[in-house]
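Q: Numbering (this note's numbering), first residue to last: 316 to 741. Note that CB positions come from ideal geometry on N, CA and C, so glycine has one too.
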Amino acid sequence: MLRLVKRMIFLSGGALLVISSLGKVWPVESKNEYVGSDQCAVCHEPQFELWKNSLHSKMYQKSDQPGAILGDFSVDDPVRSFRRDEVAYTIGSRWEQMYVTRRNNEEFLLPAKWLIAQKKWATIDDTHRQNAPISKTCHGCHTTAYNPETNRFAEMNIGCEACHGPGLRHVQTRTPATIRKSQNPEVCGACHTRGKSKEGLDYVVKFDPQANRLIDMMAFTQPEKETTKSWWSNRIERDRHQEYLGYIRSRHARSLESLQQRAKLQPAEVTPKCFTCHSSEFHMAKPLKRPDVAGLRFGVTCVECHDPHGRKPERAQKRASTTENGLCLSCHFVPKVKGHLKEAHHYPCPKSAARCIDCHMPVTGLSASTFNIRSHTMQIIPPHEAQQLGMPSSCNNAGCHSNKDFGWLKRAYETYYSHKVMLRAR
């Protein structure tokens, strides 16, 4: 790959001109704090190339971009009531794709979506999203630096500055201190969540994780006694885009706190090495720049398992494959866990079967009309509980034991895990 050579020229008035060896010019106005992902590519080409092939870079596309429209418009379909030439933008590129049209100087969702894996059309049943312009429902997370007051954004899609913050000062100074780089799970949680902002929008507005707390700016959906669209009644996620809300209920989110408490009670047993697995903030820092353990703020966060820049060919941008359990075992390597893997009834088993995530992160969320989104609460769901609540269990999801009825599942579970059969109190 041809590598760019960069020159940065500061002009009068604070404007900046970046010129590559290929002659490409990026004008950056000082009045605009956001410079765009192309600007980041000048110095961070490897990360940019990963991002360019990620789902983040293809979340919101113009319909005339090559390959943007995935739906089949070649034949009439009773589910789809609109034509291809009515589509101005697309939303999504992996599981399902929605279509946007322009009307009265606003953008609105069209009434059908394309299910990518199933290769078929499905109606959009959400009347709220059908009737509201996407500036009130989608733009806050599918674009970068969206301002609802002006109905403008700095960049289409989820660009570098959506997570790292405005980049102008960083471009001008070229120092790490002028760009946001954090393992704070709220950076991801600002979009991978459900609820209402203080402004009544479906997304948080002008959130800065260095200055704000997400919980102070957004009212999250909450589990209730009965199953709702967003939650199962056992406090497990049921809707998509709630990974953060599941995560904050998990032991991963509390891993640093639990280790710090143990250090107070048994200080001799806790060493700095322990924080490598109990804090992403500690683990991901360069060895000579690791923060003092007393000042750590975050436990195991999203970026421990997921690479936000992208990681081909992993569709969920995981840092390592879960097929051989390597991602989980990089931290869960104690003899008790390894012993369980060797002695559990479902081992040995065919390659890629009975992975850690199949039991501990069962699919409980709906997307594209099927259960295919894994829970992030890290809770095993026994078949007894699943049958009572009418939800998937850890035993028959993701292709495991899918041909078995609840009677068989319950008998097998009682045989091998009888001490865990009772419904868990949460």
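Could you have a look at Phe468 and say whether DSSP puts it in helix, strand or coil?
A: The count along the sequence shown starts at 1 and reaches residue 468 at position 153. Phe468: coil per DSSP, three-state reduction.
Q: Any idea what DSSP makes of Ser516, helix, strand or coil?
A: One-based indexing of the sequence shown puts residue 516 at position 201. Residue identity differs from the one stated: residue 516 is Leu in this sequence, not Ser. Coil, per DSSP.
Q: Can you find the residues in the same chain that come closer than 7 Å, C-beta to C-beta, to Phe306, ignoring five residues on each side of it along the sequence?
A: The structure shown has nothing for residue 306, since the chain only spans 316 to 741.
Q: How far does the beta strand (DSSP E) with Arg689 in it extend, from its first residue to its last?
A: Numbered from 1 along the sequence shown, position 374 holds the residue referred to as residue 689. That run of the beta strand (DSSP E) goes 685-689.
Q: Quick check: the Cα distance between Cys715 and Pro677, rounded to an integer number of angstroms?
A: Sequence index remark: in the sequence shown, residue 715 carries index 400 (1-based). Sequence index remark: in the sequence shown, residue 677 carries index 362 (1-based). Rounded to the nearest angstrom, the gap between the Cα atoms of Cys715 and Pro677 is 10 Å.
Q: What is the rounded straight-line gap between the Cα of Glu700 and the Cα of Ser708?
A: Numbered from 1 along the sequence shown, position 385 holds the residue referred to as residue 700. Numbered from 1 along the sequence shown, position 393 holds the residue referred to as residue 708. Roughly 8 Å between the two C-alpha positions.
Q: Identify the continuous beta strand (DSSP E) that holds Ile449 and give its terminal residues.
A: Reading the sequence shown from its first residue, position 134 is the one you call residue 449. Premise fails: Ile449 lies in the alpha helix (DSSP H), 449-452, not in any beta strand (DSSP E).
Q: Leaving out five residues on either side along the sequence, give the residues of the same chain with a beta carbon under 6 Å from the beta carbon of Glu558.
A: Start at 1 with the first residue of the sequence shown, and residue 558 comes out as number 243. Cβ within range, chain order: His507, His691.
Q: Can you find the residues in the same chain that come closer than 8 Å, C-beta to C-beta, to Val652, ignoring five residues on each side of it along the sequence?
A: Here the question's residue 652 lines up with position 337 in the sequence shown. Here the set comprises Leu644.
Q: So for Ser548, helix, strand or coil by DSSP?
A: The residue labelled residue 548 in the question sits at position 233 within the sequence shown. The answer is coil: DSSP assigns Ser548 none of H, G, I, E or B.
Q: Would you be able to state if there are at least three C-beta pairs under 8 Å between the stretch 606-619 and the stretch 566-577?
A: Output reads yes: the stretch 606-619 touches the stretch 566-577.
Q: Hey, Glu411 and Trp436: beta-carbon distance below 8 Å or not?
A: Indexing the sequence shown from 1 puts residue 411 at position 96. Indexing the sequence shown from 1 puts residue 436 at position 121. The answer is no: Cβ separation not under 8 Å.
Q: Taking 8 Å as the CB-CB limit, is Glu476 close to chain C?
A: Among the protein chains of the structure shown there is no chain C, as only one such chain exists.
Q: Just checking my contact of Ala403 with Glu422 at CB under 8 Å: how many whole Å lie between their CB atoms?
A: Here residue 403 corresponds to residue number 88 of the sequence shown, with the count starting at 1. Here residue 422 corresponds to residue number 107 of the sequence shown, with the count starting at 1. About 7 Å; that satisfies the 8 Å criterion.
Q: Considering only DSSP beta bridges, list what Asn462 is partnered with.
A: By one-based count along the sequence shown, residue 462 stands at place 147. For Asn462, which the question treats as bridged, DSSP gives the partners Arg467.
Q: Could you please give the first and the last residue of the uninterrupted alpha helix (DSSP H) stretch that includes Ser477?
A: By one-based count along the sequence shown, residue 477 stands at place 162. The sequence shown places Ala at residue 477, rather than the Ser named in the question. Ala477 -> alpha helix (DSSP H) spans 475-479.
Q: Along the chain, which unbroken stretches of the beta strand (DSSP E) at least 3 residues long are found entirely within the stretch 560-636?
A: With a minimum length of 3 residues, no continuous beta strand (DSSP E) run stays inside the stretch 560-636.
Q: Per DSSP, what are the beta-bridge partners of Phe535 in this structure?
A: Translated into positions along the sequence shown, residue 535 becomes position 220. Phe535 is bridged to Gly510.
Q: Once DSSP output is grouped into helix, strand and coil, what is the label at Ile384?
A: Residue numbering aside, residue 384 sits at position 69 when the sequence shown is read from its first letter. Three-state result, Ile384: coil.
Q: In this structure, how does DSSP classify Arg726 when only helix, strand and coil are distinguished?
A: As a first step, residue 726 must be located in the sequence shown, where it is residue number 411. Correct three-state label for Arg726: helix.
Q: Tell me the rounded alpha-carbon separation between Gly722 and Phe648.
A: Reading the sequence shown from its first residue, position 407 is the one you call residue 722. Reading the sequence shown from its first residue, position 333 is the one you call residue 648. If I take the Cα positions, the gap works out to 34 Å.
Q: Excluding the 5 residues flanking Val415 on each side, which residues of the same chain have their C-beta closer than 8 Å to its C-beta?
A: Position 100 of the sequence shown, counted from the first residue, corresponds to residue 415. Cβ neighbours of Val415 beyond the five flanking positions: Val402, Ala403, Tyr404, Thr405, Ile406, Glu422, Phe423, Leu424, Leu425, Ile449.
Q: Rounded C-beta distance between Cys355 and Cys503? I'm assuming under 8 Å.
A: Position 40 of the sequence shown holds residue 355. Position 188 of the sequence shown holds residue 503. With 8 Å as the limit, Cys355 and Cys503 do not qualify as a contact, their Cβ atoms being about 19 Å apart.
Q: Beta-carbon within less than 8 Å of Leu642's beta-carbon, same chain only, minus the 5 sequence neighbours each way: which residues are those?
A: Position 327 of the sequence shown, counting from 1, holds the residue named residue 642. Around Leu642: Cys620, Lys633, Arg634, Ala635, Ser636.
Q: Between Val608 and Pro587, what straight-line distance do the alpha-carbon atoms span, to the nearest angstrom?
A: Residue mapping note: residue 608 aligns to position 293 of the sequence shown, counting from 1. Residue mapping note: residue 587 aligns to position 272 of the sequence shown, counting from 1. Looking at the two C-alpha atoms, the distance is approximately 7 Å.
Q: Distance check for Val390 and Ile563, CA to CA, integer angstroms please.
A: In the sequence shown, residue 563 corresponds to position 248, counting from 1. In the sequence shown, residue 390 corresponds to position 75, counting from 1. Taking the straight line joining both Cα atoms gives about 45 Å.
Q: When the Cα atoms are used, what is the spatial distance from Gln576 to Pro697?
A: Position 261 of the sequence shown, counted from the start, is the residue given in the question as residue 576. Position 382 of the sequence shown, counted from the start, is the residue given in the question as residue 697. The straight-line gap from Cα to Cα measures roughly 30 Å.
Q: Let me make sure I understand the geometry here. Which of Met693, Ser352, Asn347 has the alpha-carbon closest to that of His479?
A: In the sequence shown, the residue the question calls residue 479 occupies position 164. Of the candidates Met693, Ser352, Asn347, the one whose C-alpha sits nearest the C-alpha of His479 is Ser352.
Q: Tell me the rounded alpha-carbon separation between Pro650 and Gly610.
A: Here residue 650 refers to the residue found at position 335 of the sequence shown. Here residue 610 refers to the residue found at position 295 of the sequence shown. Going by the C-alpha atoms only, they are around 30 Å apart.
Q: Could you give the first and the last residue of the continuous beta strand (DSSP E) run that contains Ile406?
A: Here residue 406 refers to the residue found at position 91 of the sequence shown. Run containing Ile406: 404-406, per the beta strand (DSSP E) assignment.
Q: Could you give the first and the last residue of the continuous beta strand (DSSP E) run that contains Arg484?
A: Here residue 484 is taken as the residue at index 169 of the sequence shown, counted from 1. Run containing Arg484: none in the beta strand (DSSP E); it sits in the alpha helix (DSSP H), 483-488.
Q: Is it buried or exposed for Phe613, if we count other Cβ within 10 angstroms and need 16 for buried?
A: As a working note, residue 613 is residue 298 in the sequence shown. It is buried - the Cβ of Phe613 has at least 16 other Cβ atoms within 10 Å.
Q: Could you check what DSSP says for Lys373 in three-state terms: helix, strand or coil?
A: Residue mapping note: residue 373 aligns to position 58 of the sequence shown, counting from 1. Reduced to three states, the DSSP call for Lys373 is helix.
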